[in-house]
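Taking it in order: structure first as structure tokens, then the write-up.
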Amino acid sequence: MANHGFAVLALAYYGYEDLPKDILDLRLEYFEEAVNYMLKHPVVKGPGIGVLGHSKGGDLCISMASFLKGITAIATVNGSIANVATTLRYKDITIPPLGTNIKLIKIDQNGIYDIIDVLNNPLEGPDRQSLIPLEKAEGRFLFIVGMDDHNWKSEFYAKEAANILQAHGKDKPVIICYPETGHYIEPPYTPLCPASVHFLVGKTVIWGGEPRAHAAAQVDAWKHIQDFFHEILSDSNSKL
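Numbering (our numbering), first residue to last: 149 to 388.
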């Protein structure tokens, strides 16, 4: 992104230097500090910045936009609309992690786990406590979706995000879905990772995706992400 006219901060939030070793408990104030740093940086024109996140980073971006000021463009790549895998805290607010049902794990003949059905529905029962209040966000949304994502139900999350936003009178988000495309939609020409050890599960899991379709999706998604940020941040050169 830095090669395309944006001031960029790649923000680590665990497993680096003095940061927490895991993501079991995160505070949004850390991310707020980064947002304010970018907003005040002399090369960032403002008045707002954009955020881009994949997977867990996607739901963190939605949380940032929902609670923090100054975020006008939110792009998620196979992100969730619920807080996943960690307790998220901000001031006196606590969002618990979305519940799971490990009995729904499927294991193939090679011992590879398929965890797509493990997360509970964040729209039902007590799991609604994990739903991020994205209707509070002041920015516009882009959801990049791999329709063969086996980490979780990214397409469902994107469609429900659209329903929530529009029910609250917000702009309809841009949703771009890619058939035969898995969880790890990365920059163009990055090799497909069909399966690997999941950091939290501790087992090899399937991520999904067919090589040709996934590769094409990465090229196309990269262009859409850039176009989205250029459109929304037309008066600024910022991206977090």
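Ideal Cβ positions, reconstructed from N, Cα and C, are used throughout, including at glycine.
No experiment lies behind these values; they were computed from the predicted model shown.
Check your understanding: With distances taken between CB atoms, is the gap from Leu348 to Ala233 smaller than 8 Å?
Key -> yes
Exercise for review: Go through the segment 276-345 residue by residue and report every complete run of the alpha helix (DSSP H) that reaches 4 residues or more, in order.
Suggested key: 302-315
Review point. From Val156, Asn269, Ala364, pick the residue whose C-alpha is nearest to that of Pro190; which is it?
Key: Val156
Review point. Between Lys169 and Asn249, what straight-line distance do the alpha-carbon atoms span, to the nearest angstrom?
Key: 25 Å
Practice item. Give the single residue among Ile354, Glu328, Tyr238, Tyr326 whose Cα lies nearest to the Cα of Leu208. Key: Tyr238
Review point. What distance in whole Å lies between the Cβ atoms of Gly330 and Gly356, which are believed to be in contact at a cut-off of 8 Å?
Key: 3 Å
Review point. If you scan the segment 157-203 from start to end, which runs of the beta strand (DSSP E) of 3 or more residues do you find wholly inside it?
Key: 173-175, 197-202
Review point. Got a sec, what are the start and stop residues for the beta strand (DSSP E) Ala223 sits in?
Key: 219-225
Check your understanding: Under three-state DSSP, which class holds Tyr266?
Key -> First, the residue type needs correcting, since residue 266 is Val and not Tyr in the sequence shown. Coil at Val266, not helix or strand.
Review point. What number of angstroms, rounded off, separates the C-alpha of Pro336 from the C-alpha of Ala309?
Key: 26 Å
Review point. Rounded to a whole number of angstroms, what is the C-alpha to C-alpha distance between Glu272 and Gly153?
Key: 42 Å
Check your understanding: How about the segment 371-380 and the segment 288-303: do they share at least three Cβ pairs that are nearer than 8 Å?
Key -> yes
Point to revise | Residue burial classification, Ile333 (beta-carbon count within 10 angstroms, cutoff 16) | key: buried
Check your understanding: Between Met149, Thr352, Phe304, which lies nearest to Ser228 when the distance is taken from Cα to Cα?
Key -> Phe304
Point to revise | Given Leu216 as reference, the closest of Arg175, Asn226, Leu246 once Cα atoms are compared | key: Arg175
**Study point:** Residues sharing a beta bridge with Leu236, DSSP
**Key:** Leu174, Ile243
Check your understanding: In terms of residue numbering, what span does the alpha helix (DSSP H) encompassing Ile250 cover?
Key -> Counting along the chain, Ile250 falls outside any alpha helix (DSSP H), and DSSP gives it neither H nor E.
Check your understanding: In chain order, what residues of the same chain have a beta carbon less than 7 Å from the beta carbon of Gly163, not counting five sequence neighbours either side?
Key -> Lys169
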